Amino acid sequence: MDGSNVANLVGTGAALCSMTSFAPQIVKIWRERDASSVSLRMYVVTVTGFTLWIIYGALIGSWPVIGSNVVCLTMSATILALKWRFSRTGDVRA
45 MDGSNVANLV
55 GTGAALCSMT
65 SFAPQIVKIW
75 RERDASSVSL
85 RMYVVTVTGF
95 TLWIIYGALI
105 GSWPVIGSNV
115 VCLTMSATIL
125 ALKWRFSRTG
135 DVRA
């Protein structure tokens, strides 16, 4: 296996881990209808970061960077939306 294949394998593994990391949180929030333990600030920063990664991927013409970050953006934005939807007190600053 040459260096570029190893790099692609590592990149694929990293992308898969990143993309699937949000799934347990989404399932937990949805089942419990409670997102009070989710940090609003953290997910706002996360959504912003993935948006910037997508822009970066577009600027360098890297479809793997764009694709994996679109999935991550979608999943983290879902958590953010669930935070707003299931906020128990109406106060989503937490």
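For what it's worth, the working numbering labels the leading residue of the sequence shown as 45, then goes sequentially. Heads up, the beta-carbon is just placed ideally off N, CA and C, and yes, glycines get one too. Bear in mind that the values here come from a model prediction, so they are computed numbers and not experimental data.
Legend entry - Cut-off 7 Å between Cβ atoms - residues of its own chain near Val114, not counting five sequence neighbours on either side: Against the sequence shown, residue 114 aligns to sequence position 70. These residues qualify, in order along the chain: Ile98.
Legend entry - Anticipated Cβ contact below 8 Å, Ile123 with Phe66, distance rounded: By 1-based counting over the sequence shown, the position of residue 123 is 79. By 1-based counting over the sequence shown, the position of residue 66 is 22. With 8 Å as the limit, Ile123 and Phe66 qualify as a contact, their Cβ atoms being about 6 Å apart.
Inset, instruction - Could you tell me whether the stretch 107-121 touches the stretch 55-74, using the rule of 3 or more Cβ pairs below 8 Å? - result: yes
Legend entry - Simplified DSSP state of Gly55, which is helix, strand or coil: Within the sequence shown, residue 55 is the residue found at index 11, counting from 1. Helix, per DSSP.
Inset, instruction - Locate the alpha helix (DSSP H) running through Ser65, then write down its first and last residues. - result: Taking the sequence shown and counting its residues from 1, the one referred to as residue 65 is at position 21. From DSSP, Ser65 is part of no alpha helix (DSSP H); its letter is neither H nor E.
Legend entry - Assigned secondary structure, Gly93 (DSSP; H/G/I helix, E/B strand, else coil): Working through the sequence shown from its first residue, we reach residue 93 at position 49. DSSP places Gly93 in helix when its eight states are reduced to three.
Legend entry - DSSP state of Val88 mapped onto helix, strand, coil: In the sequence shown, residue 88 corresponds to position 44, counting from 1. Here Val88 sits in helix by DSSP.
Inset, instruction - Go ahead and pull the three-state DSSP assignment for Val71. - result: Here residue 71 is taken as the residue at index 27 of the sequence shown, counted from 1. Helix, per DSSP.
Inset, instruction - Grab me the residues of Trp74's own chain with a C-beta within less than 8 Å of its C-beta, minus the 5 sequence neighbours each way, in chain order. - result: Along the sequence shown, read from residue 1 onward, the residue named residue 74 stands at position 30. Around Trp74: Leu126.
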